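According to my numbering, numbering within the sequence shown proceeds without interruption in unit steps and concludes at 324.
Accompanying notes for the structure given below.
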Amino acid sequence: MTLKPKRQIYSGQATQLEFDDNSVLARIVGPHNQFLAEIERKLEIAIIHRGNRLVLQGPSTSRAHAAQALRDLYAYALAGNEVTVRDTERAVNLGLGSESVAAKSGVFATPKRVINARTAGQARYIEALANNDLVFGLGPAGTGKTYLAVAAGVSLLSRGAVERLILSRPAVEAGERLGFLPGDMKEKVDPYLRPLYDALHDMLPGDQIQRRIDEGVIEVAPLAFMRGRTLSHSYVILDEAQNTTPQQMKMFLTRLGEGSRMTVTGDPTQTDLPASQMSGLSEARDVLAGVEGVATIELLEEDVVRHPMVRKIVKAYADHDRQRPRDPKRSN
């Protein structure tokens, strides 16, 4: 159904938005297209609802304004909020601020589930992910540092705030020597990227993941594949970053392009680098400390959310490490 705007809309001036969850889309459309009618009235555009798509017709400035309002409303509804006419008015007039919604409520909304903070440390991490261009998420196994970073990226991708989601890891060890492994390149590196695929499958339907990978909207690739690229309008994640050299880390950080955000995750105590090699993660954390737009969140043993035994194991190793002499070249 097309709702008529107050003034003539010329054909050919259109913006198309596609949403992953029709049930959530129905909540921002409103009963009998009530909420779409409110946006049309305020911005003097036409909105056509077709399945999981909305087609916006009208002047480019008004279309851009309406598109952002609709993305904000979708993220707001995806986070479990009921949408009202007043919410629609706020989205048009002031913006709901999807990042602030995540920061205040400690959640990321993804098509398959809403991801909640389960510890105080995770809540701080979600707030940092929602409000900074570059975030370092550090901590032991089981603290959700990678999972929450993927949730942030899927949330932004689903509401159209970024065009691509790029996930990367150093393959094998820091040198990324893959030649001795059997199979083609994909078969060589996929086992090392499996944790990233697992997180994606928790948040997106499998057919959507494969389709978006085929279209290049989602990319899962080893760190070596990032060299020489500029990653624009993307959410970029580097996992297991403690296994990067300083040169690799600088290379990766300088891939950040226009309209992009980046999250770097790792556990500085679990590096596979040679004993004489400083971790690029530790160096980057120190070099970029205090730079505006960069946040470092350190998750602790109390933030472990796996089996209760994992928290005990992490604590035991941390206590053991504190009793050993510190190697300055492997400083955390």
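Every residue, glycine too, gets a C-beta built ideally from N, C-alpha and C.
What you are looking at is a predicted structure, and each value in this text was computed from that prediction instead of being measured.
Buried versus exposed call for residue i [16 or more other C-beta atoms within 10 Å across all chains shown]
{"i": "D64", "result": "buried"}
{"i": "S147", "result": "buried"}
{"i": "M195", "result": "buried"}
{"i": "A166", "result": "Legend: pLDDT at A166 = 41, less than 50; position of this residue unreliable, value from coordinates given subsequently. Classification for A166: buried."}
{"i": "P320", "result": "Note that P320 has pLDDT 49, beneath the 50 cutoff, so the model's placement of it is unreliable and the number below is only indicative. P320 should be labelled exposed."}
{"i": "T236", "result": "buried"}
{"i": "R42", "result": "exposed"}
{"i": "S52", "result": "exposed"}
{"i": "P197", "result": "exposed"}
{"i": "K304", "result": "exposed"}
{"i": "S325", "result": "Past the edges of the chain, shown from -7 to 324, lies residue 325, and the structure says nothing about it."}
{"i": "V306", "result": "buried"}
{"i": "D278", "result": "exposed"}
{"i": "T222", "result": "exposed"}
{"i": "A310", "result": "exposed"}
{"i": "V283", "result": "exposed"}
{"i": "Y161", "result": "For the sequence presented, residue 161 should be read as Arg rather than Tyr. Label assigned to R161: buried."}
{"i": "S92", "result": "With a pLDDT of 48 at S92, under the threshold of 50, the modelled position of this residue cannot be trusted; read the value that follows with caution. With fewer than 16 other Cβ atoms within 10 Å, it is exposed."}
{"i": "Q202", "result": "exposed"}
{"i": "F172", "result": "In this prediction, F172 has a pLDDT of 47, which is less than 50 and means its spatial position is unreliable; what the coordinates show is noted afterwards. Classification of F172: exposed, given that the 10 Å Cβ count is below 16."}
{"i": "Q49", "result": "buried"}
{"i": "D199", "result": "exposed"}
{"i": "D264", "result": "exposed"}
{"i": "G113", "result": "buried"}
{"i": "G136", "result": "buried"}
{"i": "A56", "result": "exposed"}
{"i": "A308", "result": "exposed"}
From the options, residue whose alpha carbon lies closest to that of residue i
{"i": "S226", "options": "E211, A276, H299 and A133", "result": "E211"}
{"i": "R151", "options": "P260, R303, A38 and I20", "result": "I20"}
{"i": "E290", "options": "E32, A115, A122 and L185", "result": "A115"}
{"i": "R186", "options": "T76, S52, A213 and S54", "result": "A213"}
{"i": "G22", "options": "E293, V75, T236 and V283", "result": "V75"}
{"i": "P183", "options": "A163, P197, S268 and Q200", "result": "A163"}
{"i": "L215", "options": "Q200, L17, I229 and L28", "result": "I229"}
{"i": "M218", "options": "P197, R203 and G249", "result": "G249"}
{"i": "A287", "options": "R204, R298, I118 and L159", "result": "I118"}
{"i": "L17", "options": "K137, T80 and L70", "result": "L70"}
{"i": "S252", "options": "G198, G258 and A144", "result": "A144"}
{"i": "I107", "options": "V142, N123 and E81", "result": "V142"}
{"i": "H24", "options": "D13, V77, P300 and Y66", "result": "V77"}
{"i": "S268", "options": "R247, P238, T257 and E284", "result": "P238"}
{"i": "R247", "options": "T135, L159, V306 and R82", "result": "L159"}
{"i": "L35", "options": "F11, A109 and S54", "result": "S54"}
{"i": "T333", "options": "F11, M270, G50 and P132", "result": "Nothing can be reported for residue 333, as the shown portion of the chain is limited to -7 through 324."}
{"i": "K104", "options": "S224, E284 and D12", "result": "D12"}
{"i": "E155", "options": "A101, A109 and E207", "result": "E207"}
{"i": "S15", "options": "T261, V302 and Y66", "result": "Y66"}
{"i": "H312", "options": "T261, S224 and G136", "result": "T261"}
{"i": "A101", "options": "V302, D79, N73 and N123", "result": "N73"}
{"i": "T80", "options": "S271, Q200 and F27", "result": "F27"}
{"i": "D259", "options": "L130, V99, G272 and V302", "result": "L130"}
{"i": "F128", "options": "P266, I205, G272 and E10", "result": "G272"}
{"i": "A109", "options": "D295, V302 and M301", "result": "D295"}
{"i": "E10", "options": "N123, I205, R82 and A153", "result": "A153"}
Residue i - partner residues in DSSP beta bridges
{"i": "A6", "result": "Q49"}
{"i": "H41", "result": "L46"}
{"i": "N108", "result": "V99"}
{"i": "I20", "result": "Beta-bridge pairing links I20 to no other residue."}
{"i": "R325", "result": "Within the shown structure, residues of the chain are numbered from -7 to 324, placing residue 325 beyond reach of any answer."}
{"i": "F128", "result": "V256 and T288"}
{"i": "R63", "result": "According to DSSP, which records beta bridges pairwise, R63 is partnered with nothing at all."}
{"i": "R161", "result": "P214"}
Assumed close pair residue i, residue j - CB separation to whole angstroms, cut-off 8 Å
{"i": "V47", "j": "A61", "result": "Incorrect: roughly 15 Å between the Cβ atoms, too far for contact."}
{"i": "M243", "j": "A233", "result": "Going by Cβ atoms, the distance from M243 to A233 rounds to 12 Å, so no, they are not a contact pair."}
{"i": "Y139", "j": "A191", "result": "5 Å"}
{"i": "A38", "j": "E32", "result": "6 Å"}
{"i": "A276", "j": "L245", "result": "7 Å"}
{"i": "T255", "j": "L121", "result": "6 Å"}
{"i": "D231", "j": "L188", "result": "6 Å"}
{"i": "R45", "j": "Q8", "result": "6 Å"}
{"i": "G134", "j": "R314", "result": "Between R314 and G134 the Cβ distance is about 19 Å, and since that is not below 8 Å, they are no contact."}
{"i": "L149", "j": "G285", "result": "So it is not a contact: roughly 21 Å between Cβ atoms."}
Neighbour flag for residue i against chain C, beta carbons, 8 Å
{"i": "G134", "result": "The chain inventory of the structure shown lacks chain C, comprising one protein chain alone."}
Any chance you could list the beta strand (DSSP E) runs of at least 3 consecutive residues sitting entirely within the stretch 255 to 316, in chain order?
-> 286 to 290
What are the start and end residues of each continuous alpha helix (DSSP H) run of 4 or more residues lying completely inside the stretch 193 to 266, in chain order?
-> 198 to 207 and 238 to 245
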